[in-house]
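Visitor: Take this structure, written in structure tokens, and hold onto it; I'll ask about it next.
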Amino acid sequence: MRFVDEYRDADTARALAARITALCEPGRSYKFMEVCGGHTHTIYKHGIEDYLPEAVTLVHGPGCPVCVIPMGRVDDAIHIAAQPDVIMTSFGDMMRVPGGKGSFLDAKARGADIRMVYSPLDALKIAKQNPSKRVVFMAIGFETTAPSTAMTVLRAKADGVDNFSVFCNHVTIIPAIKAILDSPDLRLDAFIGPGHVSTVIGCRPYRFIARDYGKPIVVAGFEPLDVLQSVHQILTQLAQRRCEVENQYARVVPWDGNPKALAAINEVMELRPHFEWRGLGFISQSALRVSAKYARYDAERIFQIPGGRVADPTSCQCGEVLKGVLKPWECKVFGTACTPETPIGTCMVSSEGACAAYYNFGRFSRERVKEATRQ
Amino acid sequence: MTGDTGLEEQVLERIERARRRKARVREEYITLAHGAGGKATHTLIEGVFLESFRNALLEPLEDGAVIDEMAFTTDSFVVTPLFFPGGDIGDLAVNGTVNDLAMCGARPRYLSAGFILEEGFPLAHLRRITASMAAAAKAADVQIVTGDTKVVERGKADGCYVVTAGVGTLDRPTRLSAAAARPGDAVIVSGPIGEHGITIMLARGELDIQADLTSDTAPLNELTARLLDACDDGEVRCLRDATRGGVATVLNEIAEASKAAIVVNEDIIPVRPDVRGACELLGIDPLYVACEGRMVAIVSQASAETALTALHSHPLGREAAVVGRVNDDPPGLVLLKTAFGGTRIVDLLVGDPLPRIC
């Protein structure tokens, strides 16, 4: 299949892997964080780690939009969904995320009208088809999905749809990366930068990572060869004692991002003073809300939400996993009390969550897997 | 990384122990995940139905029960939309039960048909459904010999639900079982996977994706008869049609029941380009997408070639392929050698395969 197979070629991968191994300095170990959950998913889905030398460890970062939603926000959304005449809509990934009192799927089973949509425009369509209902879109995601939420609000305004609103949970990637860089318990050598976020924000916002923290970052695509190539680029930078922002995903990511998408976000949304991230705590100026100008489309203003903070279960170590301090299997409850069927933490819910990816795709000793798959 | 290996191994063993614990349904309400064919469905079946009905015939949880020289099975159909490219709820209901009997190694003979109809359901639609059931029954050489009808108030059902049950006769001494896979056996898939599931997703019209796809719904009894006739008794270990939950779910059931590992090669598993394209766009793995006319066969290594030749001789098995093999270790696990050249686990899904957002 064109545009897919050329990025998954095993021969190319083997050649690239040999060059990666050659670039590693003897006796040195490397830790690279892939910020984005999409990369985590790709790494496990294709078995990319099989190509990496033991000296290179990939650490999974906080860039899974579902994983960073705090439990209190899920409860708020379920509270809105339980109001009269409300149809709550959200992406499929959100359906199983546990709040303090269950997930969307549980609320739906108890009678709430919660529907899965593929795009916020589908939610707007539902609003148009159900004029007597109040349709709310649970918006989640980084700068990747924020523009489509913003464009939908603009469309709702242009079409005069007044029964549509957004429960905005959009977050921004840079403050999260900064929080990780400032975290005292982490030693990283470089970053594999998020690809789809960068299609919107471009590569410039990452310059502080190289300049102020001395870490290389390579913005990477989501095919397995993209990831391997970005590892190669990082190791090349380190070998040449360079420290820069590089764009491996130039076929999709413009250096300056997408000005139209950014303009739509700026028109409809504004930064919150602070926002709680699951496991990471409050991070200032790290999330977006609907701005006052578009108040009539803001579910937080339309509905009285409890806005309570629900503490993460004490057994859950999602925070450490999201920061890359712990590997998923090092968490106390990983795979026993916390599984994809009965997740305690969000990292176990989304297919992009580090724990779910590890549990579903990688949960086994590499040695035994290697032995079993040998022809 | 090496220093961690011992510790990681311990954690992984702890997880395996946790997975072997008895299934317990924790939810207070039925959710859609309970019907999706993944882990939640298995937990429901083992934690509620098997708990209540436990007996020696039910316990193996095969596609049908084998009683002396007879196989007996049932299946219910709630598909939306009722009519889709390549079929409708009628032929699906006949083929589904015919296939469950065929997977027991039986010759399907007689079916029952129950209808739950919603007030206001157009009679023309019902006629269309019964006509395709009649055609499907004829094609599979079975008779629908008994039935039942219920009508519920408007809003209490989605137009029409169909429940079929069936009996078949076991003409061969071979007894098939998901627990019969042995290390060294070949894993065969009878044709391109995922066409039914993707066709249905697209037919719902919620996704703006166009593809020239039709459901693969078909009776597999002729195909299984050819396979079983070609191979010596006992050489075919197990047959399973890859319906809800797809090939991945079937492989997990076999690995679990046989306490063996199954290793499959992603690049040999037949998937049509349209299905692959739609799956790529939706972020779904075709291994988990439902088929209604495809099966997985576990066959001894010695008979693999014979089996493949027999399957290739039938139109429904023309693209059959040996996609992997059975191993002794790690027991209960399905492993995939990815087309990219890596390896990973293929686990049961928790619920529906949900599209990823970005």
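Protein sequences appear in the order of chains Y and P. Those letters in the first sequence? Residues 11 to 385, by our numbering. Those letters in the second sequence? Residues 169 to 526, by our numbering. Every residue gets a Cβ at the ideal spot worked out from N, C-alpha and C, and that includes glycine.
What residues in the stretch 357 to 370 of chain Y bring their beta carbon closer than 7 Å to a beta carbon of chain P?
Guide: Ser361, Glu362 and Asn370
Visitor: Quick test of the definition: if touching needs 3 or more C-beta pairs under 8 Å, does the stretch 166 to 176 of chain Y touch the stretch 295 to 313 of chain Y?
Guide: yes
Visitor: So what does Asp316 (chain P) bridge to, in DSSP terms?
Guide: P:Gly282
Visitor: Considering only residues of the same chain and omitting the five flanking positions on each side of Arg277 (chain P), which have a CB-CB separation below 7 Å?
Guide: Val310, Val335, Gly336 and Thr337
Visitor: Quick check on the DSSP output: what are the complete alpha helix (DSSP H) runs of length 4 or more inside the stretch 356 to 383 of chain P, in order along the chain?
Guide: If one requires a minimum length of 4 residues, the alpha helix (DSSP H) runs lying completely within the stretch 356 to 383 of chain P are 363 to 371, in chain order.
Visitor: How should Val96 (chain Y) be labelled, buried or exposed, when 16 other C-beta atoms within 10 angstroms of its C-beta is the threshold for buried?
Guide: Answer is buried; the Cβ neighbour count reaches 16.
Visitor: Check the Cβ-Cβ distances between Pro264 (chain Y) and every residue of chain P, and say whether any is below 8 Å.
Guide: No - not a single Cβ of chain P is within 8 Å of the one on Pro264 (chain Y).
Visitor: Using 8 Å as the threshold, is the stretch 271 to 291 of chain P in touch with the stretch 407 to 414 of chain P, meaning 3 or more CB pairs across them?
Guide: Short answer: they touch.
Visitor: Judging by CA-CA distance, which residue of Y:Thr349, Y:Arg214, Y:Ala297 and Y:Thr356 is the nearest neighbour of Leu538 (chain P)?
Guide: No information on residue 538 (chain P) is available, as it lies outside the stretch 169 to 526 that chain P covers here.
Visitor: On the CB-based measure, 16 or more other CB atoms within 10 Å of its CB, does Thr170 (chain P) come out buried or exposed?
Guide: Summary for Thr170 (chain P): the model assigns pLDDT 42, below 50, so the residue's position carries little reliability; its value from the coordinates is reported in the next sentence. Exposed.
Visitor: Going by the CB atoms, is the gap between Glu424 (chain P) and Val467 (chain P) shorter than 8 Å?
Guide: No, they are not a contact pair.
Visitor: May I ask you to list the residues that DSSP assigns as paired with Tyr329 (chain P)?
Guide: P:Ile284
Visitor: Look up Gln178 (chain P) in the DSSP assignment and say whether it is helix, strand or coil.
Guide: helix
Visitor: List the residues that DSSP assigns as beta-bridge partners of Gln311 (chain P).
Guide: P:Tyr278
Visitor: Kindly say whether Ile97 (chain Y), judged by its beta-carbon, lies nearer than 8 Å to any beta-carbon of chain P.
Guide: no
Visitor: What does Ile58 (chain Y) reach in chain P if we use C-beta pairs closer than 8 Å?
Guide: Result: Phe508 and Gly510.
Visitor: Below 8 Å between beta carbons: does that hold for Val330 (chain P) and Ala488 (chain P)?
Guide: no
Visitor: For Cys526 (chain P), I'd like the list of residues in its chain whose CB is within less than 7 Å of its CB, leaving aside the five on either flank, ordered along the chain.
Guide: With a pLDDT of only 47 at Cys526 (chain P), under the threshold of 50, the placement of this residue in the model should not be trusted; the figure read from the coordinates follows. Here the set comprises nothing.
Visitor: What is the DSSP secondary structure of Gly171 (chain P), counted as helix, strand or coil?
Guide: With a pLDDT of 49 at Gly171 (chain P), under the threshold of 50, the predicted position of this residue should be treated as unreliable, though the coordinate-derived value follows. Three-state result, Gly171 (chain P): helix.
Visitor: Check each residue of the stretch 481 to 506 of chain P: if its Cβ is closer than 9 Å to any Cβ of chain Y, include it; give the result in chain order.
Guide: Asn495, Asp496, Asp497, Pro498, Leu501, Leu503, Leu504, Lys505 and Thr506
Visitor: Taking buried to mean at least 16 other C-beta atoms within 10 Å of its own C-beta, is Pro204 (chain Y) buried or exposed?
Guide: Buried is the call here.
Visitor: List, in order along the chain, the chain Y residues whose C-beta lies closer than 8 Å to that of Thr199 (chain P)?
Guide: Leu115, Asp116, Lys118 and Ala119
Visitor: Would the C-beta of Cys357 (chain Y) count as close to the ligand ZN, meaning under 7 Å from any of its heavy atoms?
Guide: As far as ligands go, the structure on display features none, and thus does not contain the ligand ZN.
Visitor: Would you report the Cα separation of Arg188 (chain P) and Lys118 (chain Y), rounded to the nearest angstrom?
Guide: 30 Å
Visitor: Would you verify that the beta carbon of Asp515 (chain P) is, or is not, closer than 8 Å to some beta carbon of chain Y?
Guide: yes
Visitor: Kindly indicate the opening and closing residues of the beta strand (DSSP E) around Asp243 (chain P).
Guide: That run of the beta strand (DSSP E) goes Met238 to Phe245.
Visitor: Taking 8 Å as the limit between beta carbons, can you name the residues of its chain near Gly317 (chain Y), skipping five residues before and five after?
Guide: Gly82 and Asp86
Visitor: May I have the straight-line CA-CA distance separating Leu191 (chain Y) from Gly372 (chain Y), to the nearest angstrom?
Guide: C-alpha separation (whole angstroms): 27 Å.
Visitor: How would you list, in chain order, the residues of chain P whose beta-carbon sits under 9 Å from the beta-carbon of Arg24 (chain Y)?
Guide: Gly509
Visitor: Starting from Gly203 (chain Y), trace the beta strand (DSSP E) both ways and give me its first and last residue.
Guide: Ala200 to Gly203
Visitor: Sort P:Gly205, P:Ile312 and P:Phe217 by Cα distance to Ala299 (chain P) and report the nearest one.
Guide: P:Ile312
Visitor: Is it buried or exposed, Lys342 (chain Y), if we count other Cβ atoms within 10 angstroms and call 16 or more buried?
Guide: exposed
Visitor: How would you list, in chain order, the residues of chain Y whose beta-carbon sits under 8 Å from the beta-carbon of Val518 (chain P)?
Guide: Simply Arg106, Pro350 and Glu351.
Visitor: Residues of chain Y with a CB under 8 Å from the CB of Pro441 (chain P): which are they?
Guide: Met11
Visitor: Would you call the CB atoms of Ala308 (chain P) and Val266 (chain P) closer than 8 Å?
Guide: yes
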